[in-house]
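Novice:
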Amino acid sequence: MTGWTTDTANNRMRLAALALALASAALLPFVLGSNYHLGVAHQVLIFIILASGYDLLLGFTGLLSFGHIGLFAIGAYTSAILVTSTGAPFMVGLIGAAVLTGIVGVVISIPALRIKGHSLTLLTLALGEVIRVVIRSMEWLTNGSHGIAGIPRPEILGFSFRQPVPLYYLLLVIALLTIAFAWKLKRSRYGRAFNAIRDSEIAADVCGVNISRMKMLAFGLSAIIAGIAGSLYAHTVRFISPEFFSLGLTVILLAMVLIGGRGTIIGPILGAILFISLPEALRFVKEYYLVAFGITIWLSVLLLPEGLAGLPRRLRRWMPRRSAKEAGL
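Here the sequence shown stands for residues 4 to 332, where the numbers follow our numbering.
#1: Looking at C-alpha atoms only, which residue of THR124, LEU160 and GLY42 is the closest neighbour of MET94?
#2: Would you kindly work out how many angstroms separate the C-alpha atoms of LEU128 and ARG15, rounded to a whole number?
#3: Output the distance between the C-alpha atoms of TYR172 and ALA29, rounded to the nearest integer angstrom.
#4: Using a Cβ-Cβ cutoff of less than 6 Å, which residues in the same chain neighbour ILE49 once the five nearest sequence positions on both sides are dropped?
#5: Along the alpha helix (DSSP H) that carries ALA258, what are the first and last residues, could you check?
#6: Since PHE242 sits in a beta bridge, which residues does DSSP pair it with?
#7: Using 10 angstroms around the beta-carbon of ALA330, count the other beta-carbons present and answer buried if the total reaches 16, otherwise exposed.
#8: If LEU311 sits next to GLY264, beta carbons under 8 Å apart, how far is it from one beta carbon to the other, in whole angstroms?
#9: For ILE205 and LEU66, what's the separation of their Cα atoms in angstroms?
#10: Nearest by alpha-carbon distance to ALA85: which of LEU53, GLY120, SER37 and PRO157 is it?
#11: Out of SER68, LEU188, THR81 and ILE72, point me to the one whose CA is closest to THR124's CA.
#12: On the three-pair Cβ rule with 8 Å, is the region 272–284 touching the region 104–115?
#13: Cβ of TYR236 less than 7 Å from any chain B Cβ?
#14: Pop quiz: ILE200 and MET217 are said to be a contact at Cβ under 8 Å. What is the actual Cβ separation, rounded to whole angstroms?
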């Protein structure tokens, strides 16, 4: 009876926290006010989508890929080229980006079926750099190092998202759909198969999991979400160039998932919020803001090995010990 009461109370707390988070996200544009801060919020939402998709690969399945930003770039360029060169509507660019990156993701997964560990990491790192070099060299299509400018803001069924506030709500809806998809996938048989592969491929194989199929599925789904995020990024900032999709951004994406808490739903959300908004919040320290940001991240890694998502669990373990010490037990 006590356990049932505790579970009910925990569920109510989770629902209350979810309702508060949704209400805060919905009211955020009215709190921020300036277009600059809304632009930061746009970036946060795009990277929530990207990090949530990347966590399907890294957190759910345990596959470390350094080529994910390359897929992000493919999505951005595919959508931008389709819309600016052919005059196609935004939804065609978005769908085209998702389809092409999904295909590339599945192709990348084929070598991943044969190699593991550091070899897989080096392979995906090389593929990410190859994608960036190809984008820079194909000037006839991508405009090379000059990038693509004048990318229009999204327009769906005659409704324009040119203004910052409507664009924020469009990105928020897509971010919520991505989070809901990750949540549903985690609780499905596919999510359980991904987790089994992450924990032990041998045990998963013994239990009847088709490892090759599940790895290809994880790469494909993660790539599709990266393509969607890339398309949204291109149509939000309205300018893209190969220099943005660098190895440094790959490291930031990896840190978002690891420091946020990999394999969790809320972890990539917290990681994206931290890595996009915290540097802006630390601008007041001027030239020392990078030092302050680095110290903050270092403390997060040192004090929260399970990521920010594991903070409530860590506090629950710490509080009984403190209560016991205060009671003299």
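Quick reminder that beta carbons are idealized off the backbone N, C-alpha and C, glycines included. For clarity, every value in this text was computed on a predicted model and none was experimentally measured.
Specialist: In short:
#1: Stepping through the sequence shown from its first residue, residue 94 is reached at position 91. Looking at the Cα atoms, LEU160 is the closest of the given residues.
#2: Translated into positions along the sequence shown, residue 128 becomes position 125. Translated into positions along the sequence shown, residue 15 becomes position 12. Using only the alpha carbons, I get a separation of about 43 Å.
#3: Sequence index remark: in the sequence shown, residue 172 carries index 169 (1-based). Sequence index remark: in the sequence shown, residue 29 carries index 26 (1-based). The straight-line gap from Cα to Cα measures roughly 8 Å.
#4: Here residue 49 is taken as the residue at index 46 of the sequence shown, counted from 1. Here the set comprises ALA232, LEU235 and TYR236.
#5: The count along the sequence shown starts at 1 and reaches residue 258 at position 255. It spans 250–263 - the alpha helix (DSSP H) in which ALA258 sits, taken as one unbroken run.
#6: Your numbering for residue 242 matches position 239 in the sequence shown. ALA152, per the DSSP bridge assignment.
#7: Start at 1 with the first residue of the sequence shown, and residue 330 comes out as number 327. At ALA330 the pLDDT is 48, less than 50, meaning the model places this residue with poor confidence; the figure from the coordinates comes in the next sentence. With fewer than 16 other Cβ atoms within 10 Å, it is exposed.
#8: Taking the sequence shown and counting its residues from 1, one reaches residue 311 at position 308. Taking the sequence shown and counting its residues from 1, one reaches residue 264 at position 261. Yes, LEU311 and GLY264 are in contact; Cβ-Cβ is about 6 Å, under 8 Å.
#9: Start at 1 with the first residue of the sequence shown, and residue 205 comes out as number 202. Start at 1 with the first residue of the sequence shown, and residue 66 comes out as number 63. Going by the C-alpha atoms only, they are around 15 Å apart.
#10: Along the sequence shown, read from residue 1 onward, the residue named residue 85 stands at position 82. Reading off the sequence, residue 85 comes out as Leu, not Ala. Ranking LEU53, GLY120, SER37 and PRO157 by Cα distance to LEU85 puts PRO157 first.
#11: Within the sequence shown, numbered from 1, the residue matching residue 124 stands at position 121. Per the Cα distances, SER68.
#12: no
#13: This model lacks chain B altogether; it includes just one protein chain.
#14: Within the sequence shown, residue 200 is the residue found at index 197, counting from 1. Within the sequence shown, residue 217 is the residue found at index 214, counting from 1. About 6 Å; that satisfies the 8 Å criterion.
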